[in-house]
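S.K.: The structure that follows is given in the form of structure tokens.
Chains as they are written, first to last, in our numbering: chain A, 1 to 329; chain B, 1001 to 1552; chain C, 2001 to 2308.
As structure tokens, this is what we get:
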């Protein structure tokens, strides 16, 4: 219980920190949104349009502290304001339209990469010194070291543009209707293959090498040696004795790796014109759409924090030592 | 990055237009009328105005961020004034006339027009739209009510606009405002707060389907202009120039307004018979000089700068040869060719003459200091030049300008600024810049660019010019409907531009426009640029769509 | 993400000898040596960039879009710049950014992590929360957010930002390690003899954490090179700078892929991949060396073979 409260406390504090950071940064910027908007339409808008925009954006002259609490209140109640670049569309609408694409693609590839990486790690750790053990980590490390956006561009150009094997852009074809029908779902899968391959190649190495190393550490433990001496069958030895314990550190990595993968995905989505939040974040930055930037950043941070929280809980369940150490970790 | 922005800005630019010497009688008839056609092809037309990423469900004509086509394909104004051809296209209006010392504007409304839900369109809808803008100033982004005193219907097919004071060219804004149906918008509440996801307009299309990745317009077969020749117009979303360019090269896009490097080899050569492009000049990119700066306020300094810059090189290297050096008068040519002062023909092209630049500075009393920079009274000609970060072609231009000016002894440091900071530095009352690269949007006559750029109260008078002579000339233009008088006024301003260089024109900003004639023909061409051809041009795009025909 | 096993590595008191052993083992490890040699080649290129680069990287004096030739090993850009020269100068930038960011972020991580781990209590709670927050913040998203408030960044500034946002993982590793030795005799002895925290950290603890530090440096370096390339590619960096990411930015801007100008696009990507692999190899080797259990032992191999 103490462990749970501790982690919950951390969750709340870090969300508050993310919120506050999010509040402060845009307010350090010169100009107000109405002026930015007017400047974008310079030449066309009469000066009176500034007034129109100020009215539209509800530009506030209230004291900072009032603004801060109003902001906290509206963030917590889900009122994230209206995007500048897509005014009057609300930030929630934009995010809810694109987040499922990002999370869907990310989640599936992530599960595949973790599963594949973990089993491969177990396998090559068991057969350490073998051909696969010496080759797999190096090859996957090479793929992990390739900038993902670069790999994505090379694949799009070679496989899609030149060889017509895959679609060049988008999350699904323009001729299918969105919904749970076969043409749509298969189109989504077809469009997801290349981005998925890039994300997979970019993240699988960590799981393989991590699991391999954990596994080898565990295989050296006395109880494994003892169990083996006692004649426990190999399969049981690997999975029930060794892998189970070796997987514990993997679980913490899962949450932390998530933030890295989200970062990589921002670039990949842009290459594939994928309808997720990646492109939206970069374009919001170039368009100086602060409400949208704030909302995006917040949703990414909160998602990551929540997943961390869940992972911490699972970890606490699996490893009683952590629960006892509680406050310190 | 810049290319996207030009598209986005220009998206609305088309609304800023003028009455090209409209006399008191009627507007010029559409040079290319809506032909009644019965041939309709079901092949979708793929349109990518600009690779701006995912769409949001917004078809509100009063929102600056409505999806492409909202203004023009769904909603229409009374008239459309084209800034490339200078033509006027009557849409929901048929004719208009001035009276009462050019303070009263009477518009005849087209008969037999229906909203896409079947209800009749009348003068009441027009009056309702304007009164709504009055009631919700936030929606009045054209600022119509800064000039309007009242709007009244005279029967079902006539509307009378009463102006507060005479301002003939301002009618462009008013006549160019999109009209919405009273029976729907009277229940909408604040028009700036709605996304209007089920738009009902008078235009040639209705919204068929929307998703963030793709939306489609379906032909409105009851359109007053006849049956649209294209049944489905499809707008797919692209996230970057790269993916849009590849789709264009592949033949997946029929009509595009996006920048493409090496357009000949990357696009045209994939299908020389069907792939075409044409980049008409859309605006003038200038080096703006802050006239409140003690050095830049001196004419010889500005003259020397203008002489030292090799504009042809900027157009060729910085702008990929997609454009030409600008004229010295602040006109957009050939769009404004009818307005050139005959006596200025010889001064039309700005000279490139570094030697003369040095002479002028020496004559003005400047001497080179130890660093080889001209200086007078201890003040060296050393300036900062602001440019938005990431607008790569302009970055190249700035490097070239810096080199050119360095050669004649003027030192320039380029400051790349975030767009917000850059806009702010230029637009705030106390300007925080010395030199800046930017542009001013034109209209169908030179008046609009001049008014924005040079009038003391101009929207984009960032150089802070305050010239009574220029103000008076612009004022006299705005008071008259007489073309000859208007021309006289414009000539005066042209002379001022040519001799006083309040800002230094560099090259024309091109309008990106690529099209593919495999499925449809009839697009505007270089030989016949009868309308602004970019698919992001509000109102023009709906007119172009009606002029396409299925390829044989 | 090479996982928490690093945390478990147990520093010992016999630092000098151990360091020598580690270094020797490193030099005898083929993976480590391969990685080191590759990395050093890039370092040499970076140092001697002014001598190696044949032309001014920004000069537009050549014919545009030439394919590789004797005069232009990597061809030219669409504005007639020599890509090989750009690449060489870009190597320098990337190496400075990578190594610089690695040093800065490792230093921050070491200070935050070890200080917290040693002191415990409130200071530790605060520092640990701070690093946990930084740890879960999505890296590139945070960088892009910061970029949106800073204008006209140079590669070096980007490197600094990357370092100051990317130290959290290291801090966590250092903290765990510091906690595990905080109560060792030699630390207690140093404390009793009146040594200050900083002194203990640098004189007593640092030598015991060389492998952790090396590992952290390597990962931070790899991360910084990749992040800088990503930012530059997105255009969040002064586009007039010379870096691998900027080359990619211009290549994409100039339609290099579509126009078939592979020579413009391929070198920076491959170079990043090779540098990254060399760093990963060294890190992999360090893991093996410092964790005896990770070493491949013949006994096990025989056993596996016997069963198979």
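Virtual Cβ for every residue (Gly too), placed ideally from N, Cα, C. Predicted model only: the values in this text are computed from it and were never measured.
Which runs of the alpha helix (DSSP H) at least 4 residues long sit entirely within the segment 2199–2276 of chain C? Give them in chain order.
M.R.: Taking only runs of at least 4 residues, the alpha helix (DSSP H) segments lying wholly in the segment 2199–2276 of chain C are 2210–2234, 2244–2253.
S.K.: Is it buried or exposed, residue 1534 (chain B), if we count other Cβ atoms within 10 angstroms and call 16 or more buried?
M.R.: Here residue 1534 (chain B) corresponds to residue number 534 of the second chain, with the count starting at 1. Buried: at least 16 other Cβ atoms inside 10 Å.
S.K.: For my contact list, residue 2277 (chain C) and residue 141 (chain A) are in at a C-beta cut-off of 8 Å; report their separation, rounded to the angstrom.
M.R.: Within the third chain, residue 2277 (chain C) is the residue found at index 277, counting from 1. Within the first chain, residue 141 (chain A) is the residue found at index 141, counting from 1. Confirmed, about 6 Å.
S.K.: Within the 9 Å Cβ cut-off, does residue 168 (chain A) reach chain B?
M.R.: As a first step, residue 168 (chain A) is located in the first chain; it is residue number 168 there, counting from the start. Output row for residue 168 (chain A): interface = yes.
S.K.: Just verifying my parser: in three-state terms, what is the DSSP assignment at residue 1026 (chain B)?
M.R.: In the second chain, the residue the question calls residue 1026 (chain B) occupies position 26. In this prediction, residue 1026 (chain B) has a pLDDT of 37, which is less than 50 and means its spatial position is unreliable; nothing more can be read from the coordinates.
S.K.: Tell me which residues share the same chain as residue 338 (chain A) and place their Cβ nearer than 6 Å to its Cβ, disregarding the 5 neighbours each side in the sequence.
M.R.: This structure cannot settle anything about residue 338 (chain A), because the visible part of chain A is limited to 1 through 329.
S.K.: In angstroms with no decimal places, state the Cα-to-Cα distance between residue 4 (chain A) and residue 310 (chain A).
M.R.: Residue 4 (chain A) sits at position 4 when you count from the first residue of the first chain. Residue 310 (chain A) sits at position 310 when you count from the first residue of the first chain. Straight-line Cα distance between these residues: approximately 10 Å.
S.K.: Going by DSSP, what residue range makes up the beta strand (DSSP E) through residue 1109 (chain B)?
M.R.: On the second chain, residue 1109 (chain B) is found 109 positions in, with the first residue counted as 1. Its beta strand (DSSP E) spans residues 1104–1109.
S.K.: Should residue 85 (chain A) be flagged as near chain B, meaning a C-beta pair shorter than 9 Å?
M.R.: To locate residue 85 (chain A), count along the first chain from 1; it is residue 85. Interface residue, yes.
S.K.: Please classify residue 1346 (chain B) as buried or exposed, where buried requires at least 16 neighbouring CB atoms within 10 angstroms.
M.R.: On the second chain, residue 1346 (chain B) is found 346 positions in, with the first residue counted as 1. Answer is exposed; the Cβ neighbour count stays below 16.
S.K.: Taking 9 Å as the threshold (beta carbon to beta carbon), is residue 104 (chain A) in contact with chain C?
M.R.: If you number the first chain from 1, residue 104 (chain A) lands on position 104. Not closer than 9 Å to any Cβ of chain C, the Cβ of residue 104 (chain A) fails to qualify, so no.
S.K.: With a Cβ-Cβ cutoff of 9 Å, do residue 160 (chain A) and residue 168 (chain A) count as a contact?
M.R.: Numbered from 1 along the first chain, position 160 holds the residue referred to as residue 160 (chain A). Numbered from 1 along the first chain, position 168 holds the residue referred to as residue 168 (chain A). Cβ distance < 9 Å, so residue 160 (chain A) and residue 168 (chain A) count as in contact.
S.K.: Hey, does residue 109 (chain A) have any beta-carbon neighbour from chain C nearer than 9 Å?
M.R.: Numbered from its first residue, the first chain carries residue 109 (chain A) at position 109. By this cut-off, residue 109 (chain A) is not an interface position.
S.K.: Below 9 Å between beta carbons: does that hold for residue 1181 (chain B) and residue 1115 (chain B)?
M.R.: Translated into the one-based positions of the second chain, residue 1181 (chain B) becomes position 181. Translated into the one-based positions of the second chain, residue 1115 (chain B) becomes position 115. Their beta carbons are under 9 Å apart, which means residue 1181 (chain B) touches residue 1115 (chain B) by this criterion.
S.K.: My guess is that residue 1158 (chain B) and residue 1106 (chain B) are in contact by the Cβ rule of under 8 Å, so how many angstroms apart are they, rounded?
M.R.: The residue labelled residue 1158 (chain B) in the question sits at position 158 within the second chain. The residue labelled residue 1106 (chain B) in the question sits at position 106 within the second chain. With a Cβ gap of about 7 Å, residue 1158 (chain B) and residue 1106 (chain B) count as contacting.
S.K.: Which complete alpha helix (DSSP H) runs does the segment 1139–1227 of chain B hold, if anything under 4 residues is left out?
M.R.: Runs found: 1171–1175, 1182–1185.
S.K.: Might you give, ordered along the chain, the residues of its own chain that have their beta carbon closer than 8 Å to the beta carbon of residue 216 (chain A), omitting 5 neighbours on each side?
M.R.: For the purposes of this step, residue 216 (chain A) is taken as residue 216 along the first chain, with counting starting at 1. Excluding sequence neighbours, residue 216 (chain A) sits near 125, 128.
S.K.: If we count the other Cβ atoms within 10 Å of its Cβ and call it buried at 16 or more, is residue 1528 (chain B) buried or exposed?
M.R.: Residue numbering aside, residue 1528 (chain B) sits at position 528 when the second chain is read from its first letter. When all chains shown are included, residue 1528 (chain B) counts as exposed.
S.K.: Leaving out five residues before and five after residue 1544 (chain B) in sequence, what residues of the same chain have Cβ atoms less than 6 Å from its Cβ?
M.R.: If you number the second chain from 1, residue 1544 (chain B) lands on position 544. Same-chain partners within the cutoff: there are none.
S.K.: Taking the alpha-carbon positions, what's the residue 1032 (chain B) to residue 1511 (chain B) distance?
M.R.: As a first step, residue 1032 (chain B) is located in the second chain; it is residue number 32 there, counting from the start. As a first step, residue 1511 (chain B) is located in the second chain; it is residue number 511 there, counting from the start. Interpretation of residue 1032 (chain B) is limited by its pLDDT of 45, a score under 50 that renders its predicted location unreliable; the figure taken from the coordinates is listed afterwards. Rounded to the nearest angstrom, the two C-alpha atoms are 21 Å apart.
S.K.: Answer yes or no: do residue 1336 (chain B) and residue 1086 (chain B) have a C-beta to C-beta separation smaller than 9 Å?
M.R.: Indexing the second chain from 1 puts residue 1336 (chain B) at position 336. Indexing the second chain from 1 puts residue 1086 (chain B) at position 86. Against a cut-off of 9 Å, the Cβ pair of residue 1086 (chain B) and residue 1336 (chain B) comes out as a contact.
S.K.: Quick one: does residue 2058 (chain C) have its CB under 9 Å from some CB of chain B?
M.R.: Translated into the one-based positions of the third chain, residue 2058 (chain C) becomes position 58. Output row for residue 2058 (chain C): interface = yes.
S.K.: How many whole angstroms separate the CB atoms of residue 2159 (chain C) and residue 2239 (chain C), which I take to be in contact at a CB cut-off of 8 Å?
M.R.: If you number the third chain from 1, residue 2159 (chain C) lands on position 159. If you number the third chain from 1, residue 2239 (chain C) lands on position 239. 17 Å between Cβ atoms; not a contact.
S.K.: At a cut of 8 Å, does the segment 1421–1439 of chain B reach the segment 1377–1391 of chain B through at least three beta carbon pairs?
M.R.: At 8 Å Cβ cutoff, the stretches touch.
S.K.: What does a CB cutoff of less than 6 Å around residue 1277 (chain B) pick up in its chain, not counting 5 residues either side in sequence?
M.R.: Residue 1277 (chain B) sits at position 277 when you count from the first residue of the second chain. Hits under 6 Å: 1263, 1514.
S.K.: Measure how close the beta-carbons of residue 1141 (chain B) and residue 1244 (chain B) come, nearest whole angstrom, since I'm counting them as under 8 Å.
M.R.: Taking the second chain and counting its residues from 1, one reaches residue 1141 (chain B) at position 141. Taking the second chain and counting its residues from 1, one reaches residue 1244 (chain B) at position 244. So it is not a contact: roughly 28 Å between Cβ atoms.
S.K.: Against chain C, does residue 1401 (chain B) count as a neighbour if the rule is that its beta carbon must be under 9 Å from one of theirs?
M.R.: For the purposes of this step, residue 1401 (chain B) is taken as the residue at position 401 of the second chain. Chain C, which has no Cβ nearer than 9 Å to the Cβ of residue 1401 (chain B), makes this no.
S.K.: Going straight from the alpha carbon of residue 1195 (chain B) to that of residue 189 (chain A), what length do you get?
M.R.: Start at 1 with the first residue of the second chain, and residue 1195 (chain B) comes out as number 195. Start at 1 with the first residue of the first chain, and residue 189 (chain A) comes out as number 189. Residue 1195 (chain B) and residue 189 (chain A): Cα-Cα distance of roughly 31 Å.
S.K.: Determine the contact status of residue 1401 (chain B) and residue 1287 (chain B), defining contact as a CB-CB distance below 9 Å.
M.R.: Mapped onto the second chain, residue 1401 (chain B) falls at position 401. Mapped onto the second chain, residue 1287 (chain B) falls at position 287. Yes. Within cutoff.
S.K.: In terms of residues, what are the limits of the beta strand (DSSP E) holding residue 1343 (chain B)?
M.R.: Numbered from its first residue, the second chain carries residue 1343 (chain B) at position 343. Note, residue 1343 (chain B): premise wrong, no beta strand (DSSP E); not H, not E.
S.K.: With 9 Å as the threshold, decide whether the Cβ of residue 1510 (chain B) is near any Cβ in chain A.
M.R.: Here the question's residue 1510 (chain B) lines up with position 510 in the second chain. Residue 1510 (chain B) does not count as touching chain A.
S.K.: For residue 1311 (chain B), count neighbouring C-beta atoms within 10 Å of its own C-beta (all shown protein chains included) and say buried if the count is 16 or more, exposed if not.
M.R.: The residue labelled residue 1311 (chain B) in the question sits at position 311 within the second chain. Buried, by the Cβ-count rule.
S.K.: Can you tell me the Cα-Cα spacing of residue 191 (chain A) and residue 1187 (chain B), whole angstroms?
M.R.: Within the first chain, residue 191 (chain A) is the residue found at index 191, counting from 1. Within the second chain, residue 1187 (chain B) is the residue found at index 187, counting from 1. Straight-line Cα distance between these residues: approximately 42 Å.
S.K.: Would you report the Cα separation of residue 1041 (chain B) and residue 1228 (chain B), rounded to the nearest angstrom?
M.R.: Within the second chain, residue 1041 (chain B) is the residue found at index 41, counting from 1. Within the second chain, residue 1228 (chain B) is the residue found at index 228, counting from 1. So the two alpha carbons sit approximately 9 Å from each other.
S.K.: Terminal residues of the continuous beta strand (DSSP E) containing residue 1065 (chain B)?
M.R.: Within the second chain, numbered from 1, the residue matching residue 1065 (chain B) stands at position 65. Element bounds for residue 1065 (chain B): n/a, residue is neither H nor E.
S.K.: Let me check understanding here. Comparing Cα to Cα, which of B:1408, B:1053, B:1080 lies closest to residue 1357 (chain B)?
M.R.: Residue 1357 (chain B) sits at position 357 when you count from the first residue of the second chain. Among B:1408, B:1053, B:1080, the Cα nearest to that of residue 1357 (chain B) belongs to B:1408.
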